[in-house]
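Under our numbering, think of the first position of the sequence shown as 907, with each following residue one higher.
Just so you know, even glycine gets a beta-carbon here, dropped at the ideal spot from N, CA and C.
Nothing here was measured: the structure is a model prediction, and the numbers come from that model.
Working notes, structure below.
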Amino acid sequence: MAETTLHFRWIVKIKENLETLTADKDIFVAGDLLWYPVQGHTNICKAPDVMVVIGRPKGDRLSYLQWHEENTPPQVVFEIYSKSNRRRMNKENLLKFYEKYGVEEFYSYDPVKNIFVVHVRHGDKLAPLEGLQKWVSPLLNIRFEWNEERFEIYHPNGRHFISFEELERKNRYLTMEYQEVQQLRLQERKRLVEVEKRADLEKQKAEIAEQKAKAEKQKAETERQRAEAEKQKAETERRKAEAEKQKAETERQRAEAEKQKAETERRKAEAEKQRAEAERRKAEAERQRAEAERQRAEAAEKSKKLLAKKLKELGIDPETVS
C-alpha cells in the first residue's frame, strides 16, 4: 500500500500508463493487488505496487488467485520503494518471492534517492542488470531512461508516460476508487481465511467420523475373525475327512487309469491291425487293377492278331487297314 503521496503518484503513473498501453490486449494490469500463487496457502502472498499478467483478461478482481487464472503468474512487476520497504531485508524478500513464483521482469525504483534497478530472469534466477542508462522491456516494449538526475519511462511510440497530475485530471475519483479496492481486498483476504478455516473444520469433522468408522470396522473385524477361526476349525475337520475320501478316490482313479491304459493299448493295437489290413487291401486292389489291365491288353493283342489273320485270308494286307 502507498505510504506517501510521491510513492502513490509513481504507482498510479506506471499502472495507468500500462492500462492505456494494453487497452486492446488480453493483458491484466493491477496496482497494489494481493497475489496468491499457491492454492490453500493464504499466508503466501505479495501485493506488487504494479503487476502485469500477459494472457489474462482484464476485469475487476478482489485479489489475484493464480489457480483461478490458468496458473499464470505475473510476468512483470514494479516496486516503488518507500521508507518501509527500502531496507535491504525487505528488498531481498521481495526479490526471492518474485524469483520463486515465476516473475520474468522485476523493476524497482526509489523516487527519493532516484535509484532504478532492473532484474531479468535467467533460468531460475532474477539477475540484476548493471551499468545501464537505457533499457527496453522485452515483454512490454516500453523504454526506461535514467541518470543521476532523472528517471523517465516511454511508450513504444516514444511518448512519455503521462504524469500523475494529468492522470488525476482524467480521473478525479481515482484515489477514492483505490481506497475502495483496498478495502475490498482486505475483505476478500478475510473471506479466504474464513473459507480455509471452514475447510479445516470440515476436514477435522471428517477425520473424527473416519476414526469412529474405523473403530466400528475393527470391532466388526474382530468378531469376524473369531467366527472365521471357528469356521476354519470346522473346515479343518471337514478337510481331514475329505482327504481320506480323496485318497480312496485317488486309488480308484489309479485303477481306472490302469484299466484305461490297457484299453488304450488294445485300441492302438486294433488300430494298427486295421491300418495294416487297409494297406493290404489297397495293395491287393492295385494288384487286381494291374492284372485286369494286363488281361485287357492281352485280349486286345489277341483280337488284333485274329483280325490280321482273317484279313490275310481274304487277301488284304493288314498294314493297309488303319
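Judged by DSSP secondary structure, H913 falls within the alpha helix (DSSP H) whose first and last residues are T911 to L927.
In the three-state scheme derived from DSSP, where H, G and I count as helix and E and B as strand, A953 is classed as coil. Between R967 and T978, the C-beta gap is not smaller than 8 Å, which leaves the two residues out of contact. For P1044, the closest alpha carbon among the candidates N1020, K1118 and I960 is that of I960. Only residues of its own chain outside the window of five on either side were considered, and among them Q1039 have a CB closer than 7 Å to the CB of N1053, listed in chain order.
Using a Cβ distance threshold of 8 Å, P1017 and E985 do not count as a contacting pair. A direct Cα-Cα distance of roughly 27 Å separates G946 from D932. Counting only residues of its own chain and dropping the five nearest sequence neighbours on each side, E922 has a CB closer than 7 Å to the CB of L1073. Distance from Q972 to Y1004 at the Cβ level is roughly 13 Å; contact not present, criterion being Cβ atoms closer than 8 Å.
Within the region 1021 to 1094, the runs of alpha helix (DSSP H) at least 4 residues long that lie entirely inside it are, in chain order, 1070 to 1076. In this structure E1102 is in contact with T948, their Cβ atoms being roughly 6 Å apart against a cut-off of 8 Å. G1221 sits exposed, since fewer than 16 C-beta atoms from the chains shown fall within 10 Å of its C-beta. Per DSSP, the unbroken beta strand (DSSP E) holding D1016 starts and ends at E1011 to D1016. When secondary structure is reduced to three states using DSSP, V959 falls in the strand class. For I933, the enclosing beta strand (DSSP E) begins and ends at I933 to G937. By the neighbour-count definition (other C-beta atoms within 10 Å, threshold 16), V1009 is a buried residue. 8 Å or more divides the Cβ of S988 from the Cβ of R1091.
Cβ contact annotation for K1218 (same chain, cutoff 8 Å, sequence separation greater than five): P1224, in chain order. Take the alpha-carbon of K1179 and the one of E1150: they are about 43 Å apart. For E985, the enclosing beta strand (DSSP E) stretches over residues V982 to I986. Rounded to whole angstroms, the Cβ separation of F1022 and V983 is 14 Å, and the two are not in contact under 8 Å.
Here C951 is actually not in contact with L939; their C-beta atoms are around 10 Å apart, not less than 8 Å.
With respect to L1001, L1032 sits close: the two C-beta atoms are nearer than 8 Å. Looking at the DSSP output, W941 sits in a beta bridge with K952 and Y970. The three-state secondary structure of I1114, taken from DSSP, is helix. When secondary structure is reduced to three states using DSSP, E975 falls in the coil class, being assigned neither helix nor strand.
Taking the C-beta atoms as reference points, Y1060 is found no nearer than 8 Å to W916. With a threshold of 16 other beta carbon atoms within 10 Å, Q1131 falls short and is exposed. The alpha-carbon separation between K1123 and Q1117 amounts to approximately 10 Å. The beta carbons of M957 and A929 sit no closer together than 8 Å.
For E1058, the CB contacts under 6 Å within the same chain, skipping 5 residues up- and downstream, are E1051 in chain order.
A straight-line Cα-Cα distance of about 22 Å links F1067 and L1035.
Distance from the CA atom of I1048 to the CA atom of R1095, rounded to whole angstroms, is 33 Å.
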